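These notes concern the structure reproduced below.
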Amino acid sequence: MNLEKMLSQKEITRSDLTYLMKLKSQSKLDKLYRAAYKVKAEHVGPKVYYRGLIEFSNQCQKNCFYCGIRKDNQQVQRFTISEKEILAAARWAHENNYGSLVLQSGELQNEEFIDFVEKIIKKIKKLSQNELGITLSLGEQKKETYQRWFAAGAHRYLLRIESSKQELYQQLHPEEHSFKRRLQCLKNLKELGYQVGSGVMIGLPGQSIEDLVEDLLFFKQFSIDMVGMGPYVLHPHTPLARSIDKEDSLKQRNLKWSLKMIALLRLLMPDINIAATTALQALDPVGREKALQAGANVIMPIITPQKYRLDYQLYEDKPCVDEKASDCKDCLEARINSVGDEIAYGEWGDSPHYFKRIQHKRTGGTTNAKDTPSQ
Ligand code: SAH
Ligand code: SF4
Numbered sequence: 117m118n119l120e121k122m123l124s125q126k127e128i129t130r131s132d133l134t135y136l137m138k139l140k141s142q143s144k145l146d147k148l149y150r151a152a153y154k155v156k157a158e159h160v161g162p163k164v165y166y167r168g169l170i171e172f173s174n175q176c177q178k179n180c181f182y183c184g185i186r187k188d189n190q191q192v193q194r195f196t197i198s199e200k201e202i203l204a205a206a207r208w209a210h211e212n213n214y215g216s217l218v219l220q221s222g223e224l225q226n227e228e229f230i231d232f233v234e235k236i237i238k239k240i241k242k243l244s245q246n247e248l249g250i251t252l253s254l255g256e257q258k259k260e261t262y263q264r265w266f267a268a269g270a271h272r273y274l275l276r277i278e279s280s281k282q283e284l285y286q287q288l289h290p291e292e293h294s295f296k297r298r299l300q301c302l303k304n305l306k307e308l309g310y311q312v313g314s315g316v317m318i319g320l321p322g323q324s325i326e327d328l329v330e331d332l333l334f335f336k337q338f339s340i341d342m343v344g345m346g347p348y349v350l351h352p353h354t355p356l357a358r359s360i361d362k363e364d365s366l367k368q369r370n371l372k373w374s375l376k377m378i379a380l381l382r383l384l385m386p387d388i389n390i391a392a393t394t395a396l397q398a399l400d401p402v403g404r405e406k407a408l409q410a411g412a413n414v415i416m417p418i419i420t421p422q423k424y425r426l427d428y429q430l431y432e433d434k435p436c437v438d439e440k441a442s443d444c445k446d447c448l449e450a451r452i453n454s455v456g457d458e459i460a461y462g463e464w465g466d467s468p469h470y471f472k473r474i475q476h477k478r479t480g481g482t483t484n485a486k487d488t489p490s491q
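Reading the sequence shown from the start, the letters are residues 117 to 491 in the working numbering.
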């Protein structure tokens, strides 16, 4: 089958995905990216939604082998940003017409943390007269905790599966981090009514193209609403980085694989939200813009107060650690305009897929649901 035909098919098969992941010629890759951009423009619009990212704490009880803020990394200064500073960042986002926020941190499950987050969500909703949408990225929690935060006003949750291959997941985590529990968390979030986001790291040691294709099919099968996936980037003070050779060429490979994954996911799931993640920018100064051209439609500008950014490095060469939120805003605007996308200021930018999914559930799958814009 020729490439044009493959790219315009209704159903894209596992073997097509594998073939496309292996494409090498730049002219063929350009065709793939153009096809994905076209699908994005048709289904979610030639737009970019902003989520101002507040990384409010690097305290973490987990020990993921790849992550720079894992519990056992003694070389990190631990912090939790005060409520006052978090609210100031949220206010800045609101005043600058960002439609949504992402609250992210290491994983903690104690009562104090749960209360703190609940209170912050309520206060952000109040200060923005309910105008700011809130996405959480706070790891695995009990269903009751997810429920409390949902009731407080959060409506989207990001929890990456990291790799949908259980064996690889286990290799990347200590034994007590359970793949099954993670999957159960994703199911719980869905049941509670959140818009659910997941994702994987791309280019992990021991990960093959076939594994990545299975990740794409996992998102489809789970009927995920949003995906944030990006290259695996070494962090020197982690067991995973210490176990492998540092090779610059791998960075280029991981970047290419990430762009292909984004384009293929857009073809596979036309109406979901796909983020152009910051890790792309760690490998290529214009990595995120390339992702937008390959089908991504969400960007999470970091609005964490500057003094904390250095201590929230999940991986090496994280960009923007010495900038202020306002610097990031101006710089991003110019970059996005260069791609030809419009920034959808002031909109939540919910995933149309979510509305179809819940409508489908309500009607028992008997009707074709229409998109319901939330704001
Ligand atoms: N503690 C929460 C949120 C913060 S971590 C959680 O784990 O869900 C957010 C994401 O950062 C993780 O899901 C992981 O995919 C990504 N990450 C961590 N270390 C990374 C690395 N070295 N390279 C690329 N991404 C990494
Ligand atoms: Fe903690 Fe998340 Fe990093 Fe794992 S990936 S160590 S849970 S911050």
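Ideal placement from N, C-alpha and C gives every residue a C-beta, glycine not left out. Quick caveat: nothing in here was measured; it's all calculated off a predicted structure.
N-terminal and C-terminal residue of the beta strand (DSSP E) that residue i is part of
i	result
Leu274	272-274
Thr551	The chain is shown only over 117 to 491; residue 551 falls outside these bounds and no answer can be derived.
Gln167	Looking at the sequence provided, one finds Arg at residue 167 rather than Gln. Taken as a continuous stretch (DSSP letters only), the beta strand (DSSP E) holding Arg167 covers 163-173.
Thr261	Looking at the DSSP string, Thr261 is not in any beta strand (DSSP E); the run it does join, the alpha helix (DSSP H), is 259-268.
Leu252	249-253
Met342	342-344
Leu219	216-221
Own chain residues within Cβ distance below 7 Å of residue i, not counting five before or after
i	result
Glu449	Ile459
Glu326	Thr134
Pro435	Thr394, Gln397, Ala398
Gln311	His271, Arg272, Asp341, Met342, Asp466, Ser467, Tyr470
Asp457	Pro162, Lys163, Val164, Leu408
Asn179	Arg186, Lys187, Asp188, Pro290
Phe266	Leu308, Gly309, Tyr310
Tyr285	Glu278, Ser279, Phe295
Gly322	Leu284, Gln287
The alpha helix (DSSP H) enclosing residue i, as first and last residue numbers
i	result
Met137	130-137
Thr479	Premise fails: Thr479 is in no alpha helix (DSSP H) and is neither H nor E.
Ile325	325-338
Leu148	142-159
Ser280	That residue, Ser280, is in no alpha helix (DSSP H); it is neither H nor E in DSSP.
Gln193	Per DSSP, Gln193 belongs to no alpha helix (DSSP H) and is neither H nor E.
Ile233	Sequence check: residue 233 is Val here, not Ile. From DSSP, the alpha helix (DSSP H) with Val233 extends over 227-243.
Gly319	First-last for Gly319: undefined, no H or E at that position.
Gly403	403-409
Ser294	Where Ser294 is concerned, there is no enclosing alpha helix (DSSP H), given that its DSSP letter is neither H nor E.
Close beta carbons around residue i, own chain, < 6 Å, minus the five adjacent residues each side
i	result
Thr483	The predicted position of Thr483 is uncertain, since its pLDDT is 37 and thus under 50; a value taken from the coordinates is nonetheless stated next. Answer for Thr483: no residue qualifies.
Tyr276	Here residue 276 is Arg; the residue named in the question, Tyr, does not match the sequence. Contacts found: Ser314, Gly315.
Val414	Tyr165, Asn389, Ala391
Lys486	Model confidence at Lys486 stands at a pLDDT of 34, short of 50, so the residue's coordinates are unreliable and nothing is read from them.
Lys140	none
Lys440	Gln422
Val160	Asn413
Leu320	Tyr348
Gln193	Asp427
Gln125	none
Leu331	The amino acid at residue 331 is misidentified as Leu; the sequence shows Asp. Correct list, in chain order: Ser280, Val316.
Asn213	Tyr461, Gly462
Leu123	Ala151
Lys306	Val312
Val64	Nothing can be reported for residue 64, as the shown portion of the chain is limited to 117 through 491.
Pro352	none
Contact under 7 Å by Cβ, residue i with residue j
i	j	result
Ile230	Ala206	no
Tyr431	Asn174	no
Ala268	Ile237	yes
Leu380	Leu136	yes
Ala152	Leu383	yes
Met385	Lys445	no
Leu224	Gln177	yes
Glu278	Met317	yes
Arg264	Glu234	yes
Ser378	Leu169	Per the sequence presented here, residue 378 reads as Ile, with Ser not at that position. Not in contact: Ile378 and Leu169 (Cβ atoms no closer than 7 Å).
Ile520	Phe172	Because the chain in this structure spans residues 117 to 491, residue 520 falls outside the shown range and cannot be described.
Residues near residue i in its chain [Cβ-Cβ closer than 8 Å; skip 5 each side]
i	result
Arg451	Val402, Arg404, Glu405
Ser324	none
Gly480	none
Thr488	The predicted model places Thr488 with a pLDDT of 37, which falls under 50 and marks its position as unreliable, so this point remains unresolved.
Asn370	Ile318, Gly319, Pro347, Tyr348, Val349, Leu399
Glu120	Lys147
message: Count Cβ pairs between the segment 236-250 and the segment 288-301 that sit closer than 8 Å; are there 3 or more?
response: no
query: Between the segment 262-279 and the segment 329-347, do at least 3 Cβ pairs fall closer than 8 Å?
result: yes
query: Looking at C-beta atoms only, is the number of pairs between the segment 359-374 and the segment 413-427 that lie closer than 8 Å three or more?
result: In short, these stretches do not touch, since the Cβ pair count stays below three.
task: Decide yes or no for the touch test of the segment 400-416 against the segment 139-156: beta carbon pairs closer than 8 Å, at least 3 of them.
output: yes
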